[in-house]
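Engineer: The structure under discussion is supplied below as structure tokens; questions concerning it will follow.
Residue numbers (this note's numbering): 1072 to 1196.
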């Protein structure tokens, strides 16, 4: 029976690691140019939120044992509130990232409309 719990822990940590890697990719665009300063701040905030939420989903259940020792209303607040808000924060941040990705297409440089020179080297019918 103890072997099952260690396998579950490995699966949970692996999911957490892949979640951080996947969501952390958005942080690579931290210093990228954005059309406005507001969009830059929104991108950075949303990238941090999706990364933090992917960790919080796995860290929070493990911390409930420690919080259970506190007892009373304080432990109820710490245990119940994060599980309620994490999905909403994650979905809002993810939708913000998708929206910012699409709206950034409005300010493409002129060079994206130029025909590339190597296309004439490819034989086609």
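Each residue gets a CB set at the ideal place from its N, CA and C atoms; glycine is no exception.
Distance check for residue 1129 and residue 1082, CA to CA, integer angstroms please.
Structural biologist: Whole-angstrom Cα-Cα distance: 11 Å.
Engineer: Please look up how many angstroms separate the CB atoms of residue 1121 and residue 1165, rounded, as I've assumed it's under 8 Å.
Structural biologist: Correct: roughly 6 Å between the Cβ atoms.
Engineer: Who are the Cβ neighbours of residue 1117 in its own chain at under 7 Å, not counting the five residues just before and after it?
Structural biologist: Here the set comprises 1164, 1167, 1168.
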